[in-house]
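**Q** In terms of full-length UniProt numbering, the sequence shown opens at residue 1 and continues consecutively. Quick reminder that beta carbons are idealized off the backbone N, C-alpha and C, glycines included. Source: prediction; values computed, not measured.
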Amino acid sequence: MRTILITGASGGLVQEMVPLLKDDFLILLGRDVAKIEQLYAYHEKKAVFDVDIRDEIALTAFFDELDSQLGQIDILVNNAGYAIYDDFENFSSQQVQAMFDINTFALMTMCRLVGKRMKARRSGQIINIISMSGLIASSKSSVYSATKFAAMGFSNTIRLELAQYGVTVTTVNPGPIATSFFDQADPDGSYQESVKAFLLQPDYVAKKIVSAMGTKKRDINLPWSLAVAHKLYTLFPRIADYLASTVFNLK
1 MRTILITGAS GGLVQEMVPL LKDDFLILLG RDVAKIEQLY AYHEKKAVFD
51 VDIRDEIALT AFFDELDSQL GQIDILVNNA GYAIYDDFEN FSSQQVQAMF
101 DINTFALMTM CRLVGKRMKA RRSGQIINII SMSGLIASSK SSVYSATKFA
151 AMGFSNTIRL ELAQYGVTVT TVNPGPIATS FFDQADPDGS YQESVKAFLL
201 QPDYVAKKIV SAMGTKKRDI NLPWSLAVAH KLYTLFPRIA DYLASTVFNL
251 K
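1) When you compare the region 101 to 119 with the region 78 to 90, are there three or more beta-carbon pairs, one atom per stretch, that lie closer than 8 Å?
2) Going along the chain, which residues of its own chain have a beta-carbon closer than 6 Å to the beta-carbon of residue 270, five neighbours each way excluded?
3) Taking the C-alpha atoms as reference points, what is the distance between S123 and E161?
4) Given a cut-off of 8 Å, decide if I130 and residue 256 are closer than it, judged by their beta-carbon atoms.
5) Are there three or more Cβ pairs, one per stretch, closer than 8 Å when the region 7 to 24 is compared with the region 58 to 73?
6) At the level of alpha carbons, what is the spacing between P176 and D32?
7) Out of L59, L222 and E37, state which residue places its alpha-carbon closest to the alpha-carbon of Q201.
8) Just mark T147 as buried or exposed, buried being the case when its beta carbon has 16 or more other beta carbons within 10 Å.
9) Is F91 helix, strand or coil by DSSP?
10) From the DSSP output, in three-state form, read off Q72 for me.
11) What does a CB cutoff of less than 7 Å around V96 pick up in its chain, not counting 5 residues either side in sequence?
12) DSSP three-state label for G203, please.
13) Under 6 Å Cβ to Cβ from M99, same chain only, skipping five residues before and after it: list those, please.
14) Can you grab the Cα-Cα spacing for the pair L39 / F49, in whole Å?
15) Output the distance between the C-alpha atoms of G11 and S155, rounded to the nearest integer angstrom.
16) Using beta-carbon positions only, say whether Y82 and I102 come within less than 8 Å of one another.
17) For I27, which of helix, strand or coil comes out of DSSP?
18) Which first and last residues belong to the alpha helix (DSSP H) in which F49 is found?
19) Over the uninterrupted alpha helix (DSSP H) stretch that includes I36, give me the two end residues.
20) Give me the DSSP bridge partner(s) of I4.
21) Comparing C-alpha positions only, which one of R238, D219 and G214 sits nearest to T3?
22) Which of the three DSSP states, helix, strand or coil, is assigned to I57?
23) For D203, collect the residues of the same chain with a Cβ closer than 8 Å to its Cβ; drop the 5 residues on either side in sequence, then sort them by chain order.
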């Protein structure tokens, strides 16, 4: 039986993942413990915790206690994150910092605290749920894309550092997913409506993630159309900028 730790456990993507992990012991982190307990009442092999993943001191103490109570973590899934789409001039410094705190710095702290434990025993897998916005820039996603580009660069680096110790780092880069993520990112629903052609269903993405668990898979890029767009972005940046500002500029 594997032990899998998942952040952002109340999110729609995790709600589709948990039923696929019925044989695993799950450590679920989120802000609303009561909601998480209710969502996954059917899954008996679990432990739910409310720990602020932005607080390094709290996380350090949490993992020290976890070591003695529940033992090793086989797979870490960094799922917590959020977006606000707007022109950059409308963001305050506080909003920028807050998004980096969750999307980037918390992810880095989780990877460091769990990764060093995996490194010591020479096994484990870190799955970072990032975004196509960490591969392809688009208007009104300046702050969100910055947090995700940073998370992507970090993930690619620790993959190299940890590979020799038997630890796999997998990045998951989905386009827009039909979950409550857009309740904050897109309050009026206009963006979600405009990207219907690219909208991914959470059960599909969840199956892709779960199938990668326990493998050496480097990355998962979804959907295929945006994966191709990323290749164009890398090979033909001028064309990619044009497409990003026209065809894919749907915010």
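**A** Based on what the coordinates show:
1) yes
2) Residue 270 cannot be examined here, being either before or after the span of the chain that is shown, 1 to 251.
3) As a first step, residue 123 is located in the sequence shown; it is residue number 123 there, counting from the start. As a first step, residue 161 is located in the sequence shown; it is residue number 161 there, counting from the start. In a straight line, the C-alpha of S123 is about 13 Å away from that of E161.
4) Residue 256 is absent from the model: the chain starts at 1 and stops at 251.
5) no
6) As a working note, residue 176 is residue 176 in the sequence shown. As a working note, residue 32 is residue 32 in the sequence shown. One C-alpha to the other measures close to 24 Å.
7) Against the sequence shown, residue 201 aligns to sequence position 201. Closest by alpha carbon: L222.
8) Here residue 147 refers to the residue found at position 147 of the sequence shown. Buried is the call here.
9) For the purposes of this step, residue 91 is taken as the residue at position 91 of the sequence shown. Correct three-state label for F91: coil.
10) Indexing the sequence shown from 1 puts residue 72 at position 72. Note: Q72 maps to coil in three-state DSSP.
11) As a position in the sequence shown, residue 96 is number 96, starting the count at 1. Closer than 7 Å at the Cβ level, and outside the excluded window around V96, lie V143.
12) Along the sequence shown, one-based indexing puts residue 203 at 203. Per the sequence presented here, residue 203 reads as Asp, with Gly not at that position. Reduced to three states, the DSSP call for D203 is helix.
13) Along the sequence shown, one-based indexing puts residue 99 at 99. Here the set comprises V143 and T147.
14) On the sequence shown, position 39 is the one that residue 39 refers to. On the sequence shown, position 49 is the one that residue 49 refers to. Distance between the alpha carbons of L39 and F49: 14 Å.
15) On the sequence shown, residue 11 is found 11 positions in, with the first residue counted as 1. On the sequence shown, residue 155 is found 155 positions in, with the first residue counted as 1. Answer to the nearest angstrom: the Cα atoms are 22 Å apart.
16) As a working note, residue 82 is residue 82 in the sequence shown. As a working note, residue 102 is residue 102 in the sequence shown. In this structure, I102 lies closer than 8 Å to Y82 by Cβ.
17) For the purposes of this step, residue 27 is taken as residue 27 along the sequence shown, with counting starting at 1. Three-state result, I27: strand.
18) Counted from its first residue, the sequence shown places residue 49 at position 49. Premise fails: F49 lies in the beta strand (DSSP E), K46 to F49, not in any alpha helix (DSSP H).
19) One-based indexing of the sequence shown puts residue 36 at position 36. Its alpha helix (DSSP H) spans residues V33 to L39.
20) What you label residue 4 is simply residue 4 of the sequence shown in a count that begins at 1. Paired residues: L26 and I75.
21) As a working note, residue 3 is residue 3 in the sequence shown. Minimum Cα distance to T3 is reached at G214.
22) In the sequence shown, counting from the first residue as 1, residue 57 sits at position 57. DSSP places I57 in helix when its eight states are reduced to three.
23) Residue numbering aside, residue 203 sits at position 203 when the sequence shown is read from its first letter. For D203, where only same-chain residues beyond five positions count, the Cβ hits under 8 Å are E16.
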